[in-house]
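Notes for the one structure printed next.
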Amino acid sequence: MNYKKIFFAVTAICLFLSCSTGASTEKGNALLWKISGNGLQKPSYIFGTHHLVPVSFLDSIPGIEAAFDETEQTVGELDMGDMPEMQMKIMGEAMMPPEVTYETLLPQEDVALVDSMLRDIMGIGLTQMGQLKPAMLSNLISVSLYQKYYPSIASAQNIDQYFQEEAQKRARPVVGLETVENQIYVLLNAQSLERQAELLACMVKHPEMLREQMDKLQAAYHAQDIQALRKLYEEETPDDPCPSTQEEMNLLNGDRNKKWLAQLPAIMKENSSFIAVGCLHLPGDDGVLEGLRKQGYQVEAVK
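Here our numbering is used: the first residue of the sequence shown is 183, the next is one more, and so on.
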């Protein structure tokens, strides 16, 4: 089993899943935003990342190098400084209980479909990967298909990790807004195994919808259009065969935004910060940008 690829899947899937709810209220389309006022001695900056876009994309972001140079620390969803330990924790939680199998979770015809897709895109099926939780397989399939459709990312460095490594090179602090345990819960344990299996089966039955979502997401991000990204997530497809519940959507994004917004004032007050988090956390009435404005900060697009 390719554990390295599986680990990459878990640490890279947030863009596919983490979104919030509510209408977009942004007054500009940008991925990089300046945060000032409300007692800050120096401005901080927040950048919306795409966890699967190559670092070379940063060349298209006006002012990003200056913003990074101007700040004193880097803030991310996770402190990615100890990857081996993170990998061990993730893989430990990615395994199903020994008494649970895909035959106990899904009808036989759905088990066959999952096995077939894994063989098509990974070269191995449930015989080798059947001990992994359905959410893990969903994540792995999503990332593998993304790599297939956009092969330029296959060996690219992760943008989030890039900013943290650059901070370490400059002996700057790196702050994580969440622990790996937080993300493991959201990605692998918040839903029952039955619900995970239901969504996995639905995804493999409708791969064309996943491709369409990826294409639109890719186009909107490269256009640096967070309003389009927001709209893409919010628009409800009447015939969507795999809808998420409101609770699931809040858990993946809205609830996390609230926790981050509770931490950011103290973090930015201590040191001017370059904050790099998934782009879909930024827009919306319950997004991080509007949340910072409600706290009294001036938040403006960097053009």
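Beta carbons: idealized from backbone N, C-alpha and C, even for Gly.
- Looking from the CA of residue 278, the closest CA among 258, 324 and 313 belongs to 313.
- A residue is called buried once 16 or more other Cβ atoms fall within 10 Å of its Cβ, and residue 329 is buried on that count.
- As DSSP reads the structure, residue 277 sits in a beta bridge with 314.
- Here the region 247-257 lies against the region 348-361, with 3 or more beta-carbon pairs under 8 angstroms apart.
- Rounded to the nearest angstrom, the gap between the Cα atoms of residue 472 and residue 480 is 10 angstroms.
- Per the Cβ contact rule, the region 370-382 is not in contact with the region 437-445 (fewer than 3 Cβ pairs under 8 angstroms).
- Residue 247 is not a Cβ neighbour of residue 459, given a cutoff of 9 angstroms.
- The C-alpha of residue 220 lies about 26 angstroms from the C-alpha of residue 243.
- Taking a C-beta distance under 9 angstroms as the contact criterion, residue 317 and residue 234 do not qualify as a contact pair.
- Residue pairing for residue 340: DSSP places it in a beta bridge opposite 236.
- Within the same chain, Cβ atoms closer than 8 angstroms to the Cβ of residue 222 are found at 450, 451, 454 and 479, the five residues on either side in sequence being excluded.
- Considered as a whole, the region 343-403 harbours 362-366 and 375-387 as its complete alpha helix (DSSP H) runs of no fewer than 4 residues, in chain order.
- The C-beta distance from residue 341 to residue 240 rounds to 7 angstroms, short enough to fall under 8 angstroms.
- Taking all protein chains in view, the Cβ of residue 315 is crowded by 16 or more other Cβ atoms within 10 Å, so the residue is classified as buried.
- In the DSSP assignment, residue 260 falls within the unbroken beta strand (DSSP E) covering 255-260.
- Residue 362 and residue 372 have their alpha carbons spaced roughly 14 angstroms apart.
- Within the region 409-472, the runs of alpha helix (DSSP H) at least 4 residues long that lie entirely inside it are, in chain order, 428-431 and 437-452.
- Following the DSSP letters along the chain, one finds residue 246 inside the alpha helix (DSSP H) bounded by residues 246-252.
- Between the alpha carbons of residue 426 and residue 306 lies a distance of about 28 angstroms.
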